[in-house]
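First the structure, in the form of structure tokens, and then the observations on it.
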Amino acid sequence: MKFGGTSVGKPQRMKEVAQLINADKETKIVVLSALSGTTNALVEISNVLANGDRYAAQEKINALEAHYRSFVNELLSKDAVLQKASKLLSEHFEFLNIILKISFSEALNKDILAQGELLSTKLFSLYLEEIEVEHRLIPALDFMSLDNQDEPQVGTIKVKLSQILQKHKEVPVFITQGYITRNAKGEVDNLKRGGSDYSASLIAAAVNANYCEIWTDIDGMHNNDPRVVKTTRPIEQLSFEEAAELAYFGAKILHPASIWPAQFYNVPVKLLNTMDPSAKGTLITEHAGSTGVKAVAAKDNITALKIKSSRMLLAYGFLRKVFEVFEKYRTSIDMITTSEVAVSVTIDSDIYLKEITRELEAYGTVEVDTNQTIVSIVGNEITETKDVMLKLFASINQIPVRMVSYGGSRHNISLLIPRNYKEQTLQVLNKGLFDLE
Ligand code: ADP
Ligand code: ASP
Ligand code: MG
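Going by our numbering, the first residue of the sequence shown is number 66, and it counts up by one from there.
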């Protein structure tokens, strides 16, 4: 059971989570995010420190500490437990205060970002202690690890976690941190923003869980982005492929990589609502349940590159050379379209844009469009579903579409549009594909 930031973000919510995990006697591993707002605050602290502004960092640390002090006073009531909590906060905030004096580094940044999940799980464990729920806190840093490509080491996680669980066979509830992990150098690292979903899926896969439950602040995956579109509705069932596409192409409810471990080890995933636990939510298994378009999602900060060359005409090996440039800079390509003399690709990381562009210029002229958005239409067998293309293109006739990708899989059609057309595109698709406002 993974609970996100808003699910543990208020003392009352944390108490409700305790009720949820205590509702049955099944053995469970509970994965917690940081309290909502904490990771953002830690990112800010790190950023101002990186810029050398210790004063601003100190102010932000003090504000965060005040927030936690009042959180604890509302969460706990027994004196002995309150004292433990107070000592715990002193330790963690002392750490943050010490780093003000150390020179900033990337490793330190990761240590700072880890504080959120360390705090939320320790506070939750103290609350369980107060209400006398038998449990054990197992540090994610003892079993989560990345390899030297920064990919999670599922095999190692499995072995280490099983050893820990074996030692405590009688314990009914384990609590651990989402998001944080060790990297190949043994340092504290993380699974990137929103990574607690990924932790949950990796852990569920590692222990071969019956289910991986992702508890959040909405009743499952909706057909469109509820932050952008007024009327959206939950989807009852998705296949792993559909859910993975939606997660990868921007549905914030799931971390982009969070589906593959569950899919690989065939663990069903449930998306559930902490604020409305009896709502059906979304079930994700190998079965799609139904055919047709299920949802649309959007992914921002996309860069499109067009490589145009008359040498591409009738030439084999051209695409390989182009792709090798992206491989060299470990930058993955999301969308591709080709014509006889040009190829367009999209990337979601601009870190090596300059180097990539420079090397591609050896093969032709290169045009770069930044600030683009991929809008993905996801479903099951959509390419075989009647009228989808008709409705899709009728809806977007006012949108300047830069690229279209169709036929790569049976469950995805992707469009590339300028970022400033995202809201309009999601809205017209809501009407055109789902008949919702
Ligand atoms: P948590 O803190 O629990 O991880 P997130 O904020 O990461 O929660 O994810 C849940 C949020 O994702 C929802 O509140 C909603 O605004 C957003 N979201 C974006 N797209 C979708 C979608 N297609 N379905 C459901 N939620 C979505
Ligand atoms: N706390 C981390 C974040 O805000 C991880 C997560 O919530 O999933 O990104
Ligand atoms: Mg999240």
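Glycine residues also receive a C-beta, built at the ideal position from the N, C-alpha and C atoms.
Asked	Found
I'd like the ranges of any beta strand (DSSP E) spanning at least 3 consecutive residues and lying wholly in the stretch 74 to 132.	93 to 97
Taking Cβ positions, are L184 and L100 nearer each other than 9 angstroms?	yes
Strictly by DSSP, which residues pair up with L348?	Q302, K335
Evaluate A8 with the Cβ neighbour count: other Cβ atoms within 10 Å of its Cβ, from every protein chain shown; 16 or more gives buried, anything less gives exposed.	Lying before the first or after the last residue shown, residue 8 is absent from the chain, which here runs from 66 to 502.
Output needed for T92: all residues of its chain with C-beta closer than 7 angstroms, excluding positions within five of it in sequence on either side, in chain order.	P237
Distance check for T411 and I401, CA to CA, integer angstroms please.	7 angstroms
For T297 and L491, I'd like the C-alpha separation in whole angstroms.	11 angstroms
Y486 by DSSP, collapsed to three states: which one?	helix
Looking at G102 and H132, is the spacing between their C-beta atoms short of 9 angstroms?	yes
For the ligand MG, enumerate in chain order all residues having a CB closer than 6 angstroms to any of its heavy atoms.	G69, G259, D262
Let's see if you can read the secondary structure: which residues bound the beta strand (DSSP E) around K232?	Note, K232: premise wrong, no beta strand (DSSP E); alpha helix (DSSP H) at 219 to 232.
Under 8 angstroms from any heavy atom of the ligand ASP, does the C-beta of G181 make it?	yes
Report yes if the C-beta of A506 is less than 8 angstroms from at least one heavy atom of the ligand ADP; otherwise report no.	The structure shown does not extend to residue 506, since the chain is modelled only from 66 through 502, so no value can be given for it.
Using a 10 Å radius around the Cβ and a threshold of 16 neighbouring Cβ atoms, would you call D399 buried or exposed?	buried
Tell me whether D365 sits in a helix, a strand or coil according to DSSP, three-state version.	strand
E424 and K393: beta carbons closer than 9 angstroms?	yes
May I ask you to verify whether the stretch 237 to 248 touches the stretch 297 to 314, counting CB pairs closer than 8 angstroms and requiring at least 3?	no
So, with DSSP's three-state summary, where would you put I412?	strand
Classify T430: buried if its beta carbon has 16 or more other beta carbons within 10 angstroms, exposed otherwise.	exposed
Below 8 angstroms, is the gap between the Cβ of S227 and the nearest heavy atom of the ligand ASP?	no
Should V453 go down as buried or exposed, given a rule of 16 or more other Cβ atoms within 10 Å for buried?	buried
Confirm, please, whether the CB-CB distance from V440 to L501 is below 9 angstroms.	no
Buried or exposed for G74, please, with buried defined as at least 16 other CB atoms from any protein chain shown within 10 angstroms of its CB.	buried
So, helix, strand or coil for F68, using DSSP?	strand
Is the beta carbon of M28 sitting closer than 9 angstroms to the one on L129?	Within the shown structure, residues of the chain are numbered from 66 to 502, placing residue 28 beyond reach of any answer.
Among residues of its own chain, excluding the 5 on either side of L114, which ones have a beta-carbon nearer than 6 angstroms to its beta-carbon?	A122, F169
Does at least one heavy atom of the ligand ADP sit under 8 angstroms from the Cβ of W280?	yes
In this structure, does DSSP put L153 in helix, strand or coil?	helix
Smallest Cα separation from D290: which of S72, Q489, A83, M66?	Q489
Go ahead and pull the three-state DSSP assignment for A308.	helix
What is the DSSP secondary structure of F239, reduced to helix, strand or coil?	strand
Take V282 as the anchor and find which of A360, W325, L337 has the nearest alpha-carbon.	Inspection of the sequence shows that residue 282 is occupied by Asp rather than by Val. Closest by alpha carbon: L337.
Please work out which residues of its chain come closer than 6 angstroms, Cβ to Cβ, to G354, disregarding the five sequence neighbours upstream and downstream, and give them in chain order.	Q302
Once DSSP output is grouped into helix, strand and coil, what is the label at R385?	helix
Assign P326 to buried or exposed, taking buried as 16 or more other Cβ atoms, counted over all protein chains shown, within 10 Å of its Cβ.	buried
If we ignore side chains and look at the alpha-carbon of each, how far apart do A308 and K166 end up?	44 angstroms
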